[in-house]
Ligand code: G
Ligand code: G
Ligand code: NA
Ligand code: MN
């Protein structure tokens with residue numbers, strides 16, 4: 681209860697902060713972009729991880745102003761970079777279920793001047809098992825701007841292959857649980873192979889999450905995985921720590 685009340689005020693009180701985690705091409709090592717990950721610095725409780733407060737924000741509705749802040753802040757930041765890196769923003773199912781989210785994306789792109797092609801929205805499988813038709817409509821509108829859509833935490837949710845076929849995804853993000861088991865478990869490796877084959881068939885790049893070691897990255901290279909993200913490539917850090925990489929043009 682206390683947390684929900686605090687959450688509604690977190691944006692105004694400037695307690696929210698974005699961290700940026702690099703996404704790279706597996707074969708060339710080239711930086712492709714950054715995923716933004718939200719942090720909440722609570723004045724009394726200290727830093728609260730999103731895994732704890734996002735579900736509460738979704739339940740009480742505060743995810744709408746918070747999500748709007750995240751989107752605007754991320755786009756504004758990326759628009760100042762002197763490069764064409766993508767910026768990947770997580771979109772909550774509650775945001776996608778809100779009729780105005782496509783308008784919001786459009787407005788923020790106009791306001792910040794960010795090229796739509798540089799914005800990617802990450803959506804989990806659970807987002808699309810609710811009101812499918814409505815979600816599909818909203819995603820189509822957003823994609824029409826030139827924004828791309830990634831399916832997040834793939835392999836852990838409940839969506840069928842039919843859902844995957846029907847939805848207009850531009851990228852599959854393989855859940856990090858597969859990476860943590862890839863060396864010990866032949867089954868995990870087999871599933872990774874199957875998802876990479878699926879990506880090739882659908883002509884959609886696959887990004888492996890949670891890459892923590894050189895040997896995991898080597899496996900991905902062997903298997904022909906397109907992109908990777910994880911502590912081995914870079915931890916989520918405040919924007920000051922990626923300034924050199926993004927070479928601000930200001
Ligand atoms: O950074 P961390 O590993 O604690 O993130 C945990 C979870 O919180 C991840 O599943 C991530 O997708 C989610 N998350 C992080 N930032 C945001 C955000 O800005 N919006 C939403 N909806 N989810 C986020
Ligand atoms: O669900 P989502 O993919 O958005 O979750 C991203 C979360 O994963 C963030 O909270 C981030 O801190 C965490 N994360 C990023 N890279 C790694 C990694 O290499 N290992 C682990 N264990 N977590 C990671
Ligand atoms: Na994500
Ligand atoms: Mn994920």
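Residue numbers (UniProt numbering): 681 to 930. No residue lacks a Cβ here, since even glycine has one placed at the ideal position from N, Cα and C.
Cβ separation of residue i and residue j, assumed to be a contact under 8 angstroms, to the nearest whole Å
i, j, result
"residue 894", "residue 912", "7 angstroms"
"residue 829", "residue 819", "6 angstroms"
"residue 713", "residue 746", "Not confirmed; about 22 angstroms, so no contact."
"residue 772", "residue 831", "About 14 angstroms separates the two Cβ atoms, so there is no contact after all."
"residue 717", "residue 696", "Their Cβ separation, rounded to whole angstroms, is 11 angstroms, which puts residue 717 and residue 696 out of contact at 8 angstroms."
"residue 860", "residue 890", "6 angstroms"
"residue 782", "residue 822", "5 angstroms"
"residue 901", "residue 888", "Between residue 888 and residue 901 the Cβ distance is about 11 angstroms, and since that is not below 8 angstroms, they are no contact."
"residue 885", "residue 906", "4 angstroms"
"residue 775", "residue 914", "Residue 775 to residue 914, Cβ: 26 angstroms. No contact."
"residue 916", "residue 699", "4 angstroms"
"residue 748", "residue 784", "6 angstroms"
Exposed unless 16 or more other CB atoms sit within 10 angstroms - verdict on residue i
i, result
"residue 947", "The question about residue 947 has no answer, for the chain in this structure spans 681 to 930."
"residue 865", "exposed"
"residue 754", "buried"
"residue 704", "buried"
"residue 804", "buried"
"residue 770", "buried"
"residue 792", "buried"
"residue 762", "exposed"
"residue 790", "exposed"
"residue 920", "exposed"
"residue 764", "exposed"
"residue 826", "exposed"
"residue 788", "buried"
"residue 802", "buried"
"residue 870", "exposed"
Coarse secondary structure for residue i, derived from DSSP in three states
i, result
"residue 706", "coil"
"residue 845", "helix"
"residue 794", "coil"
"residue 893", "coil"
"residue 742", "coil"
"residue 781", "helix"
"residue 760", "coil"
"residue 913", "coil"
"residue 918", "strand"
"residue 886", "strand"
"residue 850", "coil"
"residue 863", "coil"
"residue 826", "coil"
"residue 666", "Because the chain here runs from 681 to 930, residue 666 falls outside it and cannot be looked at."
"residue 832", "strand"
"residue 856", "helix"
"residue 713", "strand"
"residue 747", "helix"
"residue 800", "strand"
Residue-chain proximity (residue i, chain B), Cβ-Cβ < 8 angstroms
i, result
"residue 725", "The displayed structure is made up of one protein chain only, and chain B is not part of it."
Quiz item: Is the region 869-879 in contact with the region 843-858, if contact means three or more CB pairs nearer than 8 angstroms?
Solution: Output reads yes: the region 843-858 touches the region 869-879.
Quiz item: Any residues whose CB sits closer than 6 angstroms to a heavy atom of ligand 3? List them in chain order?
Solution: Per the CB criterion, closer than 6 angstroms to any heavy atom of ligand 3, the qualifying residues run in chain order as 715, 770, 802, 832.
Quiz item: Is there contact here, the region 701-713 with the region 731-739, by at least three beta-carbon pairs under 8 angstroms?
Solution: Output reads no: the region 731-739 does not touch the region 701-713.
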